[in-house]
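Have a look at the structure below, then the notes.
Protein chains: 2
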Amino acid sequence: MDKNFKLSDINNLDKIESLNGLFDGNNVFKNSANLVEKECKVLSSLKEAIIKSGLKDGMTISFHHHFRDGDFVLNKVMNVIAEMGIKNLTLSASSLLAIHEPLIEHIKNGVVKRIETSGVRGELAEQISRGLMDIPVVFRSHGGRAYAIHSGQLKLDVAFLGAASCDPFGNANGYSRDNDTGIIFGSMGYAKTDAQYAHKVVIVTDNIVPFPNVPAGIPQSDVDYVVKIDAVGDPKGIMSGATRFTKNPKELMIAETAADVIEASGVFNDGFSMQMGTGGASLATARFLKEKMLRKNITCSFALGGITGQIVKLHEEGLIKKLLDVQSFDLDAADSLKNNRFHQQISAYYYASPDNPGSAVNQLDFLILSALEVDVNFNVNVLTGSDGVIRGAIGGHQDTAAGASLSIITCPLTRGRIATVVDKVNTIVTPGKTIDIIVTDQGVAVNPLRPDLKEKLEVAGINITTIEMLRDKAASLVGHSLPIEYTEKVVGIVTYRDGSIIDVIHQIKEYDDESLDF
Amino acid sequence: MDKNFKLSDINNLDKIESLNGLFDGNNVFKNSANLVEKECKVLSSLKEAIIKSGLKDGMTISFHHHFRDGDFVLNKVMNVIAEMGIKNLTLSASSLLAIHEPLIEHIKNGVVKRIETSGVRGELAEQISRGLMDIPVVFRSHGGRAYAIHSGQLKLDVAFLGAASCDPFGNANGYSRDNDTGIIFGSMGYAKTDAQYAHKVVIVTDNIVPFPNVPAGIPQSDVDYVVKIDAVGDPKGIMSGATRFTKNPKELMIAETAADVIEASGVFNDGFSMQMGTGGASLATARFLKEKMLRKNITCSFALGGITGQIVKLHEEGLIKKLLDVQSFDLDAADSLKNNRFHQQISAYYYASPDNPGSAVNQLDFLILSALEVDVNFNVNVLTGSDGVIRGAIGGHQDTAAGASLSIITCPLTRGRIATVVDKVNTIVTPGKTIDIIVTDQGVAVNPLRPDLKEKLEVAGINITTIEMLRDKAASLVGHSLPIEYTEKVVGIVTYRDGSIIDVIHQIKEYDDESLDF
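Quick mapping for you: the protein sequence lines, in order, are chains A and B. Quick note: the first sequence, position 505, residue 505 per this note's numbering, numbers continuous. Quick note: the second sequence, position 464, residue 464 per this note's numbering, numbers continuous.
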């Protein structure tokens, strides 16, 4: 009889020989509600959660951006962290928006040393572009971030994940089935990956609902603590109602052409799959495709990505069989996620990771993407504006372009006085090799890497031009912009989805007021 | 410009200063169905999957038992592994049944060195009890196994997980929505945890369906390879049709008493939660509870565990709001999982892990369990028969008893010539500290640790006896069994859910034919 026997001695036959009844039932725990209150994960404050999470100087914290410009969670958590005197944090967010402007102070005060995100907007982006941070911001696509987390390159110490509802044990969702507070954002896609891999996971909600809050976006098994705060977000900033169709004639023309291109390209067959963006042209393309689906009597097997009410409508009409939703773009989409069984939320890793052949982006037949700039090598910029200031996000742009059989950029040839098709983009975000076709209001260009597509479009009678001719036409309309002047300082590092560096963003050069007058 | 800059240099300001455009687009991959066939996870044979998984001598492989006695997967995989000459494996299964008898040869041939499981039955169990293996079998509860996997104490190198349907990218399920082959087992609960944690995950199916096979029991993001084989199981062995109510008067009497005990114990209130076993008495208890629910006009918030058609019926009648299903016990349950939205499959970890306060077992108000033996300390044996031979499984017995506010054992006082309530159980599986009440056909005994319950039952007019009186009554009916004789050799180690050892099982002593005649 060997009281010191451990299961790890299992291969040691000598030890097993003398093994005998070792049971000591004294430490057995009986969970009885009648004797003691059942343990739950709800803590009394964000401060308590931060303490229990073990957050220390220099660690990495994470947030999701499903509340978009209505997010209260990140700012509230950061305020408490700052009050507690914790410093030198790396902040990894799925994206940052204008509402996160208070981060400027936390950066100045040394609370946040470094940022990783898909994008930045608003005053925070302005100041980063003007040299706010010592260490450059690392930009990752949604798939790239999920891959970095999954592979351990990006270690998340504590994830603070806002939810529209959560039970006392951590089953969390982006909508509520009980005690609805009116906060709804739909899919928790970007948060799901953080919940799976972060060392400690704190759900922040304003709505504790009864166990079991299932189906759940995040299961209790991935959650350590739950904190209830007064309000997690502003419904107005989280999402609008159903996204409306554009009436802009330029966008309608682009959309109709894009739909014709899709039909001509050989990927528009029964059981096809697709992803549409939220831009006016993308949504209008879906409407033109619907007419074609009805005419050809075909249906779509699944639509992927950011889901909109327009896509939901096609699903409810039986034209799209399943929806794989990493982010619900409007209220109709969020409601559908709650009510339609085959509208399923998927994690960022499931959606777009580059290290898994099963990533949903790889199953896409076609894809409509937008662009701030496209260059003659088909490289796309969705991150910096024509003034060199950061004002966008990589999102799933790189991931979907690489995954889809046919990736189409829809954009107007010019926006105001700015050319969209240029010689060289300010910032390379999505490599031209993964972009197949550019559809503008002034013509369609096919990537020379895809002569097969060019031939199909010509057979279908679609008028094709070259990317160089689009560039020249844009220049003839708005002239050449003066080159943006930058300093030597790097303020942003743009990574490709596999974690390699594909471009850097420099600090923009400042002029005093006089020099702006020339 | 520093071509050697790596993201891990991000905190090195000197390096960043000289950083510049590093992008080399040559290794960018475009996934174009028109150019190359899209990569998928389907391999041509089990052998190829085993090779690609990197399986080597001495590693640990895992299987689930959702096919029960109709499982072809484990035997087929083991045959290929044996043919390939791989040796000294540890086999971790969620459970083993009579159909897994061919493992005997693999053990004799050195292919399998060690087994971890919830239980063993049939000839394999007989031979293990008679000393087949050098190293004892480690028995773990479902929650204990999930905890061991989650915490890294049990490392799974390759999981071979059978599925009723799977798409080419790994979304797998226990039923089919497309190309139905007639194989259906419902929840993949025990397999879900293996898929999350095993180093390599191989889905074995006879039914490849179109992407995306969602909702999925196992998401593609957890899967490395998919192999199609001719047949994964025998529907007759996998499950029967709907489990029928018992007509056995002894069981009906036990069930009616159990229902009265539940009503009297203070846990039978609106929104209660429960878990019922599959035994005749358990199912009949559900029927008696239904009458009480209708009379009291209350509903159940969720039913947990192995789900049966009887529980499904209550769900479909609106009496149970949600079903959390780790294992579907019959065809009606499996069909319901496919068709009822609030019938959700949960992982073994979610169900029962001892290291997470959110484990579903902790939310149980009451629970009906069965027993082979109960002793005067309320310890329960569900693993070894009255002859000392292994013939059962821990299952979730330990987990649910520890988690539920009220855990009730229902059993006949005697089975044939064998007493159920005894002085000391052959094998301690579930510690008496976690068992509250024993309901037999000859009386009800309350654990002295729960005087509160005893009082409530007395107030309700339920006739209560003591465990010692039940033991004496059993002995007076069938006499005392002769003690089982064992050798010194340990053939099984019974762990408690936290991984500690709570008992050992010895090899039974053999007699030659003459000595059996006395």
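C-beta atoms are modelled at their ideal positions from N, C-alpha and C, and glycine is treated no differently. All of these numbers come straight from a predicted model, not from anything done at the bench.
Ser-353 (chain B) sits in coil when the DSSP states are folded into three classes, being neither helix nor strand. The beta carbon of Leu-367 (chain B) sits no closer than 8 Å to any beta carbon of chain A. Per DSSP, the unbroken beta strand (DSSP E) holding Ala-93 (chain A) starts and ends at 89-93. Beta-bridge annotation (DSSP): Asn-381 (chain B) is paired with B:Glu-373. Taking a contact to require three or more Cβ pairs closer than 8 Å, the segment 209-219 of chain A and the segment 156-176 of chain A qualify as touching. For Phe-160 (chain B), no CB of chain A lies under 8 Å from its own CB, so it is not counted at the interface with that chain.
DSSP lists A:Val-158 as the beta-bridge partner residues of Lys-200 (chain A). The beta strand (DSSP E) runs lying completely inside the segment 208-284 of chain A and spanning 3 residues or more are 225-228 and 272-275, given in chain order. Cβ atoms of Val-158 (chain A) and Ile-254 (chain A) stay farther apart than 8 Å, at about 44 Å. For the C-beta of Phe-211 (chain A), the chain B residues within less than 9 Å are, from N- to C-terminus, Ser-273, Ser-301, Phe-302, Gly-358, Ala-360 and Gln-363. Within the segment 37-53 of chain B, those residues whose Cβ lies closer than 7 Å to any Cβ of chain A are, in chain order, Lys-38, Glu-39, Cys-40 and Lys-41. With contact defined as three or more Cβ pairs closer than 8 Å, the segment 352-360 of chain A and the segment 443-462 of chain A are not in contact. Judged by DSSP in its simplified three-state form, Ala-303 (chain A) adopts strand. For His-106 (chain A), the enclosing alpha helix (DSSP H) has its first and last residue at 103-108. Around the Cβ of Glu-83 (chain A), a 10 Å sphere holds fewer than 16 other Cβ atoms; the residue is exposed. The beta carbons of Ser-301 (chain A) and Gly-271 (chain A) sit closer together than 8 Å.
Within chain A, the residues Ile-501 have their CB atoms less than 8 Å from the CB of Phe-5 (chain B), given in chain order. Residue contact with chain B for Ile-10 (chain A): present (Cβ-Cβ distance below 8 Å to some residue of chain B). If you check the CB distance, Val-376 (chain A) and Ile-464 (chain A) do not come in under 8 Å. Closest in alpha carbon position to Ser-165 (chain A), among A:Pro-215, A:Gln-127 and A:Lys-155, is A:Pro-215. Residue environment for Tyr-350 (chain A): buried (at least 16 other C-beta atoms within 10 angstroms of its C-beta). Contact between Ala-348 (chain B) and Gly-162 (chain B) does not hold, since the beta-carbon distance rounds to 16 Å and is not under 8 Å. Put simply, the CB of Gln-344 (chain A) is near chain B, with a gap under 8 Å to one of its CB atoms. Taking a contact as a CB-CB distance under 8 Å, the pair Val-112 (chain B) and Leu-91 (chain B) counts as one, their CB atoms being some 5 Å apart. Using a 10 angstroms sphere on the CB of Asn-426 (chain B), the tally of other CB atoms reaches 16 or more, which defines it as buried.
Residues Met-78, Ala-82 and Val-112 of the same chain have their beta carbon placed closer than 7 Å to that of His-106 (chain A), with the five preceding and five following residues left out of the count. A direct Cα-to-Cα measurement between Asp-230 (chain B) and Ser-359 (chain A) gives close to 27 Å.
Linking Pro-235 (chain A) to Thr-414 (chain A) through their CA atoms gives a straight-line distance of about 34 Å. One finds Tyr-350 in chain A with Cβ atoms closer than 7 Å to the Cβ of Pro-219 (chain B), taken in chain order. In the three-state DSSP reduction, Arg-114 (chain B) falls in the strand class (E or B). Contact annotation: Glu-101 (chain A) and Glu-123 (chain A) have beta-carbon atoms nearer than 8 Å. Contact with chain A is absent for Pro-451 (chain B), since none of that chain's Cβ atoms lies less than 8 Å from the residue's Cβ. With contacts defined as CB atoms closer than 8 Å, Phe-288 (chain A) and Glu-251 (chain A) fail to qualify as a contacting pair.
Within 8 Å of the CB of Ile-135 (chain B), the CB atoms of chain A belong to Ile-10, Asn-11, Leu-13 and Ile-16, in sequence order along the chain. By the 16-neighbour rule on beta-carbons within 10 angstroms, Ile-128 (chain A) is buried.
In the DSSP annotation of this structure, the continuous segment of the beta strand (DSSP E) that includes Ile-409 (chain B) starts and ends at 406-410.
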